[in-house]
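Enquirer:
Protein chains in written order, with this note's numbering: chain A, 605 to 713; chain B, 12 to 124.
1. Once you ignore the five residues that flank residue 686 of chain A on each side, which residues in its own chain have a CB closer than 7 Å to its CB?
2. Which residues, taken in chain order from the stretch 633–650 of chain A, show a beta carbon closer than 9 Å to some beta carbon of chain B?
3. Kindly list the residues whose CB is nearer than 7 Å to the CB of residue 643 of chain A, restricted to its own chain and excluding five residues on each side of it in sequence; keep chain order.
4. Can you tell me which of the three DSSP states residue 651 of chain A falls into?
5. Between the Cα of residue 34 of chain B and those of B:85, B:107, B:112 and B:120, spot the shortest distance and give me the residue it belongs to.
6. Among B:121, B:123 and B:88, which has the Cα closest to the Cα of residue 43 of chain B?
7. Residues in its own chain within less than 6 Å of residue 23 of chain B by CB, not counting five upstream and five downstream?
8. Between residue 62 of chain B and chain A, is any beta-carbon pair separated by less than 8 Å?
9. Cβ closer than 9 Å: which chain B residues qualify as neighbours of residue 607 of chain A?
10. Assuming the contact rule is C-beta atoms closer than 8 Å, residue 637 of chain A and residue 689 of chain A should be a hit. Round their C-beta distance to whole Å, please.
11. If we count the other Cβ atoms within 10 Å of its Cβ and call it buried at 16 or more, is residue 71 of chain B buried or exposed?
12. Here's the rule I'm using: 16 or more other beta-carbon atoms within 10 Å means buried, otherwise exposed. How should residue 50 of chain B be labelled?
13. Which chain B residues are close to residue 705 of chain A, counting only those with a beta carbon under 8 Å from its beta carbon?
14. Counting along the chain, where does the beta strand (DSSP E) carrying residue 693 of chain A start and finish?
15. Determine the burial state of residue 680 of chain A: buried for a count of at least 16 other Cβ atoms within 10 Å of its Cβ, exposed for fewer.
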């Protein structure tokens with residue numbers, strides 16, 4: 605069975621500092637990886653997916669199959685980045701998402 | 012912009028009572044998901060519909076939970092009888108065919124006393 609691990613429940617950085625949210629997964633096949641974000645009082649929404657290889661709001665994530673990781677990075681954190689971030693995995697197109705437990709990011713002024 | 016709708020937003024019930032949640036997906040989205048999110052954890056899938064058919068209910072506690080999507084549009088998730096451990100956020104999501112993004116509703120927060 606697949607599993608997603610986010611080792612940090614809480615992460616606090618200062619504005620302008622780099623930030624990295626860690627995500628590791630276990631799955632024997634080729635998964636699709638996603639990062640979802642939930643801002644305060646808002647619904648869960650997609651931030652980015654590994655297939656698109658895009659940068660959203662300055663965030664990037666690279667799939668490392670050797671280390672089975674999909675870490676989320678941003679070089680200069682902003683206060684508006686404060687939110688709960690979830691890493692998620694899908695084994696086939698359209699199938700269920702398996703989520704990690706989430707990392708609460710706080711960016712301090 | 013179209014959004015997934017859910018009601019009620021909050022529900023308090025006593026154990027052994029029946030409770031029902033409703034979800035209206037984005038128009039044209041054939042796939043509908045119900046997730047349960049216990050406090051401090053990530054969402055976990057309960058059931059997935061493709062149109063009106065269930066395609067994944069492997070994690071649904073079928074002795075007390077049921078879900079339907081009769082006309083392939085909106086959906087209802089029911090719990091009978093509710094137990095204390097059912098207290099959680101129940102999230103509905105939908106997806107358009109050919110796209111990977113799941114769009115989530117605001118959720119229904121259930122508290123079982």
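Beta carbons: idealized from backbone N, C-alpha and C, even for Gly.
Expert: Reading it off the structure:
1. Here residue 686 of chain A refers to the residue found at position 82 when the first chain is read from its first residue. Around residue 686 of chain A: 709, 710 and 711.
2. 636, 638, 640, 642, 646, 647, 648, 649 and 650
3. Sequence index remark: in the first chain, residue 643 of chain A carries index 39 (1-based). Excluding sequence neighbours, residue 643 of chain A sits near 687.
4. Residue 651 of chain A sits at position 47 when you count from the first residue of the first chain. Here residue 651 of chain A sits in strand by DSSP.
5. Counting from one through the second chain, the residue named residue 34 of chain B turns up at place 23. Cα-wise, what sits closest to residue 34 of chain B is B:85.
6. In the second chain, residue 43 of chain B corresponds to position 32, counting from 1. The shortest C-alpha separation from residue 43 of chain B is found at B:88.
7. Taking the first residue of the second chain as position 1, residue 23 of chain B is located at position 12. Hits under 6 Å: 122.
8. Within the second chain, residue 62 of chain B is the residue found at index 51, counting from 1. Taking Cβ atoms only, chain A never reaches closer than 8 Å to residue 62 of chain B, which makes this a no.
9. Counting from 1 along the first chain, the entry for residue 607 of chain A is found at position 3. Near residue 607 of chain A there are no residues of chain B at all, since even the closest Cβ is about 11 Å away, more than 9 Å.
10. For the purposes of this step, residue 637 of chain A is taken as residue 33 along the first chain, with counting starting at 1. For the purposes of this step, residue 689 of chain A is taken as residue 85 along the first chain, with counting starting at 1. Going by Cβ atoms, the distance from residue 637 of chain A to residue 689 of chain A rounds to 13 Å, so no, they are not a contact pair.
11. Here residue 71 of chain B refers to the residue found at position 60 of the second chain. By the 10 Å Cβ count, residue 71 of chain B comes out buried.
12. Along the second chain, read from residue 1 onward, the residue named residue 50 of chain B stands at position 39. Label assigned to residue 50 of chain B: exposed.
13. Start at 1 with the first residue of the first chain, and residue 705 of chain A comes out as number 101. Within chain B, the residues near residue 705 of chain A are 51, 52 and 53.
14. Locating residue 693 of chain A in the first chain gives position 89, where the first residue counts as 1. Where residue 693 of chain A is concerned, the enclosing beta strand (DSSP E) stretches over 687–694.
15. Translated into the one-based positions of the first chain, residue 680 of chain A becomes position 76. Exposed, because fewer than 16 other Cβ atoms sit within 10 Å of the Cβ of residue 680 of chain A.
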